[in-house]
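Peer 1: Quick one: the structure is below, and I'll ask about it shortly.
Chains as they are written, first to last, in the numbering used here: chain D, 8 to 662; chain F, 739 to 844.
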């Protein structure tokens with residue numbers, strides 16, 4: 008096989024800085040070097056490559072080390088340097104190879120390369136070259152011996168030069184036409200001192216090539232990306248076992264649509280926080296790549312970038328068109344209904360209503376703002392979008408004004424979180440972004456659909472629990488089945504519907520005194536105790552109130568044809584059953600008013616459809632299954648008849 | 739309770755099975771023709787009721803009596819059910835009562 012020609016003057020030209028030459032060179036030597044560099048880069052491979060005339064040192068980037076280790080590249084191999092840079096350290100220049108292509112796996116040494124002495128490659132020019140110039144076709148034979156030689160040298164982890172030792176050997180074996188250069192007996196490992204400062208790629212100052220974000224991976228070696236900042240987080244302070252610190256992140260999007268999150272800590276926060284602005288394009292280089300933490304990172308990339316002290320961020324002032332400002336992946340509202348709780352997604356729709364901001368108290372006692380709006384899209388569904396914190400006053404206010412004027416803006420939400428508390432709704436999180444009337448094709452088609460009739464189209468909300476009975480996935484059970492089927496014993500409560508009559512109401516204590524304090528959008532309702540002053544004291548709100556609220560806590564027995572069981576009805580359901588408030592009923596009871604008994608009796612022995620929450624709970628040491636009445640409905644004979652007819656037809660279908 | 743002559747639940751379709759026998763059905767009053775009440779059965783058949791009382795049009799009416807033909811009933815008792823009546827469950831009942839579950843009824 009004809010060996011492809013080595014690029015004339017390839018080495019000189021490359022060292023001079025021609026990075027586009029892609030020279031074809033021959034590997035004269037290949038050895039591994041232990042290196043102190045960033046963690047994970049324990050071994051580097053260094054080759055000596057020649058263009059037939061001159062030779063130079065070439066360091067392999069980490070991604071090539073596997074190839075080098077495998078023996079695909081060997082001494083004598085002819086390779087084309089595809090991606091490379093030139094490093095200049097301590098006055099010495101050498102090549103750093105990022106990517107190469109093996110053209111000929113092995114070949115006789117071509118030409119008569121002059122190797123700088125410090126490279127210490129033991130190629131006996133005189134003997135070898137003369138010989139091979141005269142006898143060109145020893146390919147296979149050379150190959151086999153070369154193989155063995157290379158194999159043996161590969162087995163030793165570090166090949167090394169041994170000039171003195173070799174020369175004598177070589178001198179004695181000049182006639183061995185199969186040998187290219189002698190492998191020699193391996194003296195014990197001595198780290199080559201000359202290469203200490205050639206070790207790490209980190210010192211390479213040549214500009215890295217820009218690669219697409221989607222090509223980034225931790226084995227990449229040096230990389231640079233050019234991307235637009237699509238989101239920038241706030242500086243967050245944290246405390247952990249190692250002390251405290253601060254962190255901030257921002258998201259990048261490049262022209263290929265690749266996205267990645269960039270994070271930096273502590274001192275780097277100070278350096279980069281002000282430099283990075285949303286919407287501007289930067290070239291980011293020399294960060295480290297780690298697997299993305301999916302809990303905090305919702306971008307579609309398995310890696311994230313962590314900036315380090317040698318990282319660079321350079322502003323590109325002229326870039327405006329090739330990189331889009333945002334990248335969306337919208338889910339239509341009807342698909343959100345099937346989404347998992349806590350899933351992160353993008354959604355776009357027309358704002359049909361904006362509720363006022365309310366202040367709510369979080370579990371940690373802090374207060375925050377909350378605002379609910381309704382979005383409607385072409386799937387015929389609507390969804391509630393909850394805005395938290397700053398969004399309420401910023402975008403929320405703007406949306407409210409627009410809706411009040413009769414304009415129904417299009418809103419795009421990026422990175423909203425699905426919540427399945429009541430139907431399915433979408434809430435904002437810290438990394439969410441809201442866009443009002445964005446210039447997107449989806450927005451335009453929504454606008455057109457809405458204005459041309461979509462506005463009046465009937466919609467079904469996926470955010471409400473009040474779905475029509477037909478689509479409500481009610482499970483009908485009998486009282487006996489609650490026990491027989493061991494309902495309520497799992498991790499989650501079981502929700503069933505039972506058609507039963509109330510046969511007994513426990514009246515010794517059917518209410519408790521509750522805290523009337525309104526916190527955020529709901530009442531506290533915690534049990535209050537009477538203080539010495541005569542006021543009612545709430546432990547949670549830490550306040551006293553002259554008047555308390557009376558709330559139902561009603562124990563009742565329900566019965567159907569299969570059995571009897573106890574259930575508890577709270578304020579709303581008990582009031583529905585009895586038809587009067589707890590305070591009224593207690594007043595009637597105190598006054599021994601005959602209406603008291605009437606009210607109680609009238610609800611007995613009536614068939615109700617009761618939606619029960621069945622769950623096992625602990626009472627001290629005991630575990631008991633408790634039934635809570637979540638909803639009370641009088642049986643509607645028509646609906647019930649249809650239900651029964653359907654049931655009968657299902658049952659009889661089998662015979 | 740006198741169970742000597744039970745009345746079968748019928749609709750327009752099943753009436754013919756009980757000609758000459760006691761039946762009971764519910765019709766929606768549509769009008770009067772020649773002294774006889776015309777009503778629509780729960781399955782859309784046109785039935786004639788003889789001897790019926792005055793029940794306003796579009797009200798539902800239960801009729802108990804002898805089936806004279808497969809389209810007419812000679813009424814003994816009529817009851818005004820008003821307008822709040824859904825014919826679908828009744829129709830379902832009639833079908834089940836005369837078919838699979840006859841043994842439960844007669």
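For each residue, glycine too, the CB sits at the ideal point set by N, CA and C.
#1: When the cut-off is 9 angstroms and only beta carbons count, does residue 642 (chain D) lie next to chain F?
#2: Could you name the residues that DSSP lists as bridge partners for residue 394 (chain D)?
#3: Ignoring anything shorter than 3 residues, give me the beta strand (DSSP E) runs that lie fully in the stretch 402-445 of chain D, in order along the chain.
#4: Assess, as a yes-or-no matter, whether the stretch 569-580 of chain D is touched by the stretch 595-603 of chain D under the definition of 3 or more beta carbon pairs within less than 8 angstroms.
#5: Tell me which residues share the same chain as residue 221 (chain D) and place their Cβ nearer than 7 angstroms to its Cβ, disregarding the 5 neighbours each side in the sequence.
#6: For the 8 angstroms Cβ check, are there 3 or more pairs between the stretch 629-639 of chain D and the stretch 652-661 of chain D?
#7: So if DSSP puts residue 573 (chain D) in a beta bridge, which residue, or which two residues, is it bridged to?
#8: In or out: residue 613 (chain D) buried (at least 16 other Cβ within 10 Å) or exposed?
#9: Assign residue 95 (chain D) to one of three DSSP states: helix, strand, or coil.
#10: Strictly by DSSP, which residues pair up with residue 271 (chain D)?
#11: Just tell me which of D:359, D:90, D:647 and D:216 has its CA closest to the CA of residue 413 (chain D).
#12: Let me know the secondary structure DSSP gives residue 619 (chain D) once reduced to three states.
#13: Counting beta carbon pairs with one atom in the stretch 290-301 of chain D and one in the stretch 312-319 of chain D, are three or more of them shorter than 8 angstroms?
#14: Pick out the complete alpha helix (DSSP H) segments inside the stretch 13-101 of chain D, 4 residues or longer, and give them in chain order.
#15: Would you give the residue range spanned by the beta strand (DSSP E) that residue 825 (chain F) belongs to?
#16: Contact between the stretch 562-569 of chain D and the stretch 399-406 of chain D is defined here as three or more beta-carbon pairs at a separation below 8 angstroms; is this criterion met?
#17: Go to residue 355 (chain D), then tell me how far its beta strand (DSSP E) extends in each direction, as first and last residue.
#18: Is the shortest distance between the beta-carbon of residue 652 (chain D) and the beta-carbons of chain F less than 9 angstroms?
#19: Would you say residue 753 (chain F) lies against chain D (beta-carbon separation less than 9 angstroms)?
#20: Specify the secondary structure class of residue 399 (chain D) as computed by DSSP and reduced to three states.
#21: So, with DSSP's three-state summary, where would you put residue 512 (chain D)?
#22: Any idea what DSSP makes of residue 811 (chain F), helix, strand or coil?
#23: Taking any Cβ of chain F, which residues in the stretch 596-630 of chain D have a Cβ under 7 angstroms from it, in chain order?
#24: Answer yes or no: does any C-beta atom of chain F fall closer than 9 angstroms to that of residue 392 (chain D)?
#25: Kindly list the residues whose CB is nearer than 6 angstroms to the CB of residue 595 (chain D), restricted to its own chain and excluding five residues on each side of it in sequence; keep chain order.
#26: From the DSSP output, in three-state form, read off residue 743 (chain F) for me.
#27: Can the beta-carbon of residue 229 (chain D) be found closer than 9 angstroms to that of residue 357 (chain D)?
#28: State the DSSP-derived secondary structure class of residue 556 (chain D), mapped to helix, strand or coil.
#29: State the DSSP-derived secondary structure class of residue 540 (chain D), mapped to helix, strand or coil.
#30: Between the stretch 776-796 of chain F and chain D, which residues of the former have a C-beta closer than 7 angstroms to a C-beta of the latter?
#31: If you measure between the beta carbons of residue 60 (chain D) and residue 34 (chain D), is that distance less than 9 angstroms?
#32: The beta strand (DSSP E) spanning residue 456 (chain D) covers which residue range?
#33: In whole angstroms, what separates the C-alpha of residue 397 (chain D) from that of residue 246 (chain D)?
#34: Taking the alpha carbon of residue 638 (chain D) as the point to measure from, which residue in D:507, D:627, D:83 and D:389 has its own alpha carbon closest?
#35: Please determine, among D:32, D:243 and D:20, the residue with the shortest C-alpha to C-alpha distance to residue 12 (chain D).
#36: Looking at C-alpha atoms only, which residue of D:238, D:457 and D:278 is the closest neighbour of residue 259 (chain D)?
Peer 2: Reading from the atomic positions:
#1: Numbered from its first residue, the first chain carries residue 642 (chain D) at position 635. Not an interface residue.
#2: Here residue 394 (chain D) refers to the residue found at position 387 when the first chain is read from its first residue. In DSSP, residue 394 (chain D) forms a bridge with D:378.
#3: 417-426 and 432-443
#4: no
#5: Position 214 of the first chain holds residue 221 (chain D). Excluding positions up to five away in sequence, the list reads 263 and 265.
#6: no
#7: Taking the first residue of the first chain as 1, we reach residue 573 (chain D) at position 566. Paired residue(s): D:564.
#8: As a first step, residue 613 (chain D) must be located in the first chain, where it is residue number 606. That one is exposed.
#9: As a working mapping, residue 95 (chain D) is identified with position 88 in the first chain. In this structure, residue 95 (chain D) counts as strand in the three-state DSSP scheme.
#10: On the first chain, residue 271 (chain D) is found 264 positions in, with the first residue counted as 1. Its beta-bridge partners are D:255.
#11: The sequence position of residue 413 (chain D) within the first chain is 406, counting from 1. Checked all of D:359, D:90, D:647 and D:216; the closest Cα to residue 413 (chain D) is D:359.
#12: For the purposes of this step, residue 619 (chain D) is taken as the residue at position 612 of the first chain. If DSSP states are grouped into helix, strand and coil, residue 619 (chain D) belongs with the strands.
#13: yes
#14: 17-23 and 69-77
#15: Counting from 1 along the second chain, the entry for residue 825 (chain F) is found at position 87. From DSSP, residue 825 (chain F) is part of no beta strand (DSSP E) but of the alpha helix (DSSP H) over 825-836.
#16: no
#17: Locating residue 355 (chain D) in the first chain gives position 348, where the first residue counts as 1. Residue 355 (chain D) -> beta strand (DSSP E) spans 351-361.
#18: Your numbering for residue 652 (chain D) matches position 645 in the first chain. Judged by the 9 angstroms Cβ criterion, residue 652 (chain D) is in contact with chain F.
#19: Taking the second chain and counting its residues from 1, the one referred to as residue 753 (chain F) is at position 15. So no, residue 753 (chain F) is outside the interface.
#20: Numbered from 1 along the first chain, position 392 holds the residue referred to as residue 399 (chain D). Here residue 399 (chain D) sits in helix by DSSP.
#21: Numbered from 1 along the first chain, position 505 holds the residue referred to as residue 512 (chain D). Note: residue 512 (chain D) maps to strand in three-state DSSP.
#22: One-based indexing of the second chain puts residue 811 (chain F) at position 73. Here residue 811 (chain F) sits in strand by DSSP.
#23: none
#24: As a position in the first chain, residue 392 (chain D) is number 385, starting the count at 1. With 9 angstroms as the cut-off, residue 392 (chain D) does not count as an interface residue toward chain F.
#25: Taking the first residue of the first chain as position 1, residue 595 (chain D) is located at position 588. For residue 595 (chain D), where only same-chain residues beyond five positions count, the Cβ hits under 6 angstroms are 602 and 603.
#26: For this step, residue 743 (chain F) is matched to residue 5 along the second chain. Coil.
#27: To locate residue 229 (chain D), count along the first chain from 1; it is residue 222. To locate residue 357 (chain D), count along the first chain from 1; it is residue 350. No, the pair does not count as a contact, with Cβ atoms beyond the cut-off.
#28: By 1-based counting over the first chain, the position of residue 556 (chain D) is 549. Strand.
#29: Position 533 of the first chain, counted from the start, is the residue given in the question as residue 540 (chain D). Residue 540 (chain D) falls in the coil class under three-state DSSP.
#30: none
#31: By 1-based counting over the first chain, the position of residue 60 (chain D) is 53. By 1-based counting over the first chain, the position of residue 34 (chain D) is 27. Cβ atoms of residue 60 (chain D) and residue 34 (chain D): not closer than 9 angstroms.
#32: Reading the first chain from its first residue, position 449 is the one you call residue 456 (chain D). Taken as a continuous stretch (DSSP letters only), residue 456 (chain D) belongs to no beta strand (DSSP E), being part of the alpha helix (DSSP H) at 448-458.
#33: On the first chain, position 390 is the one that residue 397 (chain D) refers to. On the first chain, position 239 is the one that residue 246 (chain D) refers to. Rounded to the nearest angstrom, the two C-alpha atoms are 24 angstroms apart.
#34: For the purposes of this step, residue 638 (chain D) is taken as the residue at position 631 of the first chain. Among D:507, D:627, D:83 and D:389, the Cα nearest to that of residue 638 (chain D) is on D:507.
#35: Locating residue 12 (chain D) in the first chain gives position 5, counting from the first residue. Taking only the C-alpha atoms, the option nearest residue 12 (chain D) is D:32.
#36: As a first step, residue 259 (chain D) must be located in the first chain, where it is residue number 252. Taking only the C-alpha atoms, the option nearest residue 259 (chain D) is D:238.
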